[in-house]
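Take a look at the structure set out below.
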Ligand SMILES: CC(C)(COP(=O)(O)OP(=O)(O)OC[C@H]1O[C@@H](n2cnc3c(N)ncnc32)[C@H](O)[C@@H]1OP(=O)(O)O)[C@@H](O)C(=O)NCCC(=O)NCCS
């Protein structure tokens, strides 16, 4: 058994025993009360899922196994001479709860290289799609086509013992993560570079190889990809793409189906697609204003016009966060460290000064601050990746790390089929209304 799998098995077995006993003892203890506002309001804040890999605090932001993004930037292993954390290290941390050594991260990088082969039929599926197909649709199609390789599906059909679910899920998670940069880069090159594909470079780590296959030459772009693919990886379990993975996985659908479904959720403009919407909105603003260097007053006017047209300001607001997103701050710090004199970055920073007071003044927006998507597009544009319809695919490559590590845990801990209760409005009127009157 490989060393990561072995470590995971040890941790998972110990936690499964502890959790089983705890569940038995406390099964009837109330965790939370659910209000009618939450029933109608997208279940905000309802505590109803176990998700081991990360937890989100409204003020502090995301912590992966207890570590904040600034802490991880310091302590996760880096590429030689690199300043940014390697996503391999974050995956290791999320999966087994330990900061890996340099050697462990190197081992994981090598594993993903060995597992990165993409079957020919996946490229054929992609090539059969019209070039105008949205990159997220291409991504989802490719992931679904890869399901032919599922170890879990094959072994389940052969009669897999429950106690082995985690093992087959681990294999699927590792294989799927390993193949994603190749698939994502293939989509980029076929859609925007006439199918002029770039072969993988096996001397590079997972993120740097992705940067290489996209065809972006500037060396700092590899650093950006390491940071980008680390900070987008996980945002606890309730966000739409994580929860979708969890829900589909709970039916014992394999990692490929679960992750393809998750990418459908990520492709919504209120979730991952917001990263393309931000830069589309910024480009539109610069066109309308006729300048690359708008003043704060001009930006404010454009923001007000967007709101007056009944649209949201993309990249601002969050269902949980109530402060600027630390993932936004990490990208701002990256821009400060690596980039001088970029109009597009300046526009994002000025917008950051303008938007929050305007959203606050509406009196209904719970979080007027920027989220992760407010900054990512400006960095990509700076390095020449201007095709914003592609951005959510990059988010998806990263999101695989968190949701698939969590899927391994769900199978190892034997979590059951997810099946919450729905009610009709008549039921609400008859029951909740009657209770209130009484
Ligand atoms: C992320 C988001 C979906 C969270 O939704 P939520 O939890 O319902 O947010 P709130 O409770 O603050 O929403 C209350 C109201 O403020 C509005 N609001 C929230 N964020 C807003 C924004 N960025 N611009 C304009 N209005 C916004 C909501 O649309 C809602 O209006 P309504 O009552 O007329 O329907 C929301 O902030 C949003 O649409 N943001 C823009 C898209 C985005 O950046 N998504 C990426 C998230 S990481």
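Numbering (the working numbering), first residue to last: 735 to 1172. In this text, a Cβ means the ideal position worked out from N, Cα and C, and glycines have one as well.
Count the other CB atoms, across all protein chains shown, that sit within 10 Å of the CB of residue 1042; report buried if there are 16 or more and exposed otherwise.
Indexing the chain shown from 1 puts residue 1042 at position 308. Exposed, by the Cβ-count rule.
In chain order, which continuous runs of the alpha helix (DSSP H) of length 4 or greater are located wholly inside the segment 795-862?
803-809, 821-830, 836-848 and 854-862
Test item: CB-CB of residue 823 and residue 839 under 9 Å
The residue you call residue 823 lines up with position 89 of the chain shown. The residue you call residue 839 lines up with position 105 of the chain shown. The answer is yes: Cβ separation under 9 Å.
So does residue 1140 have its beta carbon nearer than 8 Å to some heavy atom of ligand 1?
Taking the chain shown and counting its residues from 1, the one referred to as residue 1140 is at position 406. No, the Cβ of residue 1140 stays beyond 8 Å of every heavy atom of ligand 1.
Excluding the 5 residues flanking residue 1099 on each side, which residues of the same chain have their C-beta closer than 7 Å to its C-beta?
Reading the chain shown from its first residue, position 365 is the one you call residue 1099. 1051 and 1093.
Find out if the Cβ-Cβ distance for the pair residue 941, residue 931 is shorter than 9 Å.
Working through the chain shown from its first residue, we reach residue 941 at position 207. Working through the chain shown from its first residue, we reach residue 931 at position 197. Contact: no.
How is the beta strand (DSSP E) around residue 791 delimited, first residue to last?
Counting from 1 along the chain shown, the entry for residue 791 is found at position 57. Residue 791 -> beta strand (DSSP E) spans 788-791.
Candidates 1113, 1097 and 1055, of which the one nearest residue 1083 by Cα:
Residue mapping note: residue 1083 aligns to position 349 of the chain shown, counting from 1. Nearest C-alpha to residue 1083: 1113.
Simplified DSSP state of residue 934, which is helix, strand or coil:
Position 200 of the chain shown, counting from 1, holds the residue named residue 934. Coil at residue 934, not helix or strand.
Taking Cβ positions, are residue 1173 and residue 1107 nearer each other than 9 Å?
Look at the range of the chain in this structure, 735 to 1172, and you will see that residue 1173 is not part of it.
So, under 8 Å CB-CB, residue 826 and residue 737 are touching, yes? Tell me the CB distance rounded to an integer number of Å.
Taking the chain shown and counting its residues from 1, the one referred to as residue 826 is at position 92. Taking the chain shown and counting its residues from 1, the one referred to as residue 737 is at position 3. With a Cβ gap of about 10 Å, residue 826 and residue 737 do not count as contacting.
Give me the residue from 871, 998 and 856 with the minimum Cα distance to residue 975.
As a position in the chain shown, residue 975 is number 241, starting the count at 1. The option with the nearest alpha carbon to residue 975 is 998.
Report the option in 830, 980 and 1013 whose CA atom is closest to the CA atom of residue 1148.
In the chain shown, residue 1148 corresponds to position 414, counting from 1. It is 980.
Provide the residue span of the alpha helix (DSSP H) that contains residue 1124, from first to last.
The count along the chain shown starts at 1 and reaches residue 1124 at position 390. Counting along the chain, residue 1124 falls outside any alpha helix (DSSP H), and DSSP gives it neither H nor E.
Verify whether the separation of the beta carbon atoms of residue 1116 and residue 1146 is less than 9 Å.
The residue given as residue 1116 occupies position 382 in the chain shown. The residue given as residue 1146 occupies position 412 in the chain shown. The answer is no: Cβ separation not under 9 Å.
Cα-Cα separation, residue 749 to residue 786:
Within the chain shown, numbered from 1, the residue matching residue 749 stands at position 15. Within the chain shown, numbered from 1, the residue matching residue 786 stands at position 52. So the two alpha carbons sit approximately 11 Å from each other.
Could you pull the DSSP bridge partners for residue 1104 from this structure?
Sequence index remark: in the chain shown, residue 1104 carries index 370 (1-based). Paired residues: 1050.
Pull up the distance between the alpha-carbon of residue 869 and that of residue 1119, whole angstroms please.
Sequence index remark: in the chain shown, residue 869 carries index 135 (1-based). Sequence index remark: in the chain shown, residue 1119 carries index 385 (1-based). Looking at the two C-alpha atoms, the distance is approximately 14 Å.
Would residue 911 pass as a contact of residue 1141 if the rule is Cβ separation under 9 Å?
As a working note, residue 911 is residue 177 in the chain shown. As a working note, residue 1141 is residue 407 in the chain shown. For residue 911 and residue 1141, no; Cβs fall outside 9 Å.
Counting pairs of beta carbons, one from the segment 842-852 and one from the segment 898-912, are three or more of them closer than 8 Å?
yes
Cβ of residue 1011 within 8 Å of any heavy atom in ligand 1?
Translated into the one-based positions of the chain shown, residue 1011 becomes position 277. For residue 1011, the shortest C-beta to heavy atom distance toward ligand 1 is below 8 Å.
Considering only C-alpha positions, which residue in the set 1008, 1089 and 1004 is nearest to residue 1033?
Your numbering for residue 1033 matches position 299 in the chain shown. Comparing Cα-Cα distances from residue 1033 to each of 1008, 1089 and 1004, the minimum goes to 1089.
Using a 10 Å radius around the Cβ and a threshold of 16 neighbouring Cβ atoms, would you call residue 924 buried or exposed?
Translated into positions along the chain shown, residue 924 becomes position 190. That one is buried.
Name the two residues that bound the continuous alpha helix (DSSP H) containing residue 1161.
Your numbering for residue 1161 matches position 427 in the chain shown. Its alpha helix (DSSP H) spans residues 1159-1162.
When you measure from the CB of residue 1088 to every non-hydrogen atom of ligand 1, does any distance come out below 8 Å?
For this step, residue 1088 is matched to residue 354 along the chain shown. Because no heavy atom of ligand 1 lies under 8 Å away, the Cβ of residue 1088 does not count as near it: no.
Buried or exposed: which applies to residue 1110, given that a residue is buried once 16 or more other Cβ atoms fall within 10 Å of its Cβ?
Counted from its first residue, the chain shown places residue 1110 at position 376. With 16 or more Cβ atoms within 10 Å of its Cβ, residue 1110 is classed as buried.
Out of curiosity, what's the CA-to-CA distance linking residue 950 and residue 1044?
Residue numbering aside, residue 950 sits at position 216 when the chain shown is read from its first letter. Residue numbering aside, residue 1044 sits at position 310 when the chain shown is read from its first letter. Cα to Cα, the separation comes out at about 37 Å.
Rounded separation between residue 769 and residue 1153 - CA only:
Taking the chain shown and counting its residues from 1, one reaches residue 769 at position 35. Taking the chain shown and counting its residues from 1, one reaches residue 1153 at position 419. When rounded, the distance between both Cα atoms is 19 Å.
By a C-beta neighbour count over all protein chains shown, 10 Å radius and 16 as the cutoff for buried, is residue 972 buried or exposed?
Taking the chain shown and counting its residues from 1, one reaches residue 972 at position 238. Around the Cβ of residue 972, a 10 Å sphere holds 16 or more other Cβ atoms; the residue is buried.
Roughly how many angstroms lie between the CA atoms of residue 857 and residue 872, to the nearest whole one?
Residue mapping note: residue 857 aligns to position 123 of the chain shown, counting from 1. Residue mapping note: residue 872 aligns to position 138 of the chain shown, counting from 1. The alpha-carbon atoms of residue 857 and residue 872 are separated by roughly 10 Å.
Separation of residue 789 from residue 1157, as counted between CA atoms:
In the chain shown, residue 1157 corresponds to position 423, counting from 1. In the chain shown, residue 789 corresponds to position 55, counting from 1. Near 29 Å, if we compare the C-alpha coordinates of residue 789 and residue 1157.
Any heavy atom of ligand 1 closer than 8 Å to the CB of residue 968?
For this step, residue 968 is matched to residue 234 along the chain shown. Outside the cutoff, so no.
At a cut-off of 8 Å, is residue 1098 close to ligand 1 when judged by its beta-carbon and the heavy atoms of the ligand?
The residue given as residue 1098 occupies position 364 in the chain shown. At least one heavy atom of ligand 1 is nearer than 8 Å to the Cβ of residue 1098, so yes.
Between residue 833 and residue 810, how many whole angstroms is the CB-CB distance? I'm expecting something under 8 Å.
Sequence index remark: in the chain shown, residue 833 carries index 99 (1-based). Sequence index remark: in the chain shown, residue 810 carries index 76 (1-based). Confirmed, about 7 Å.
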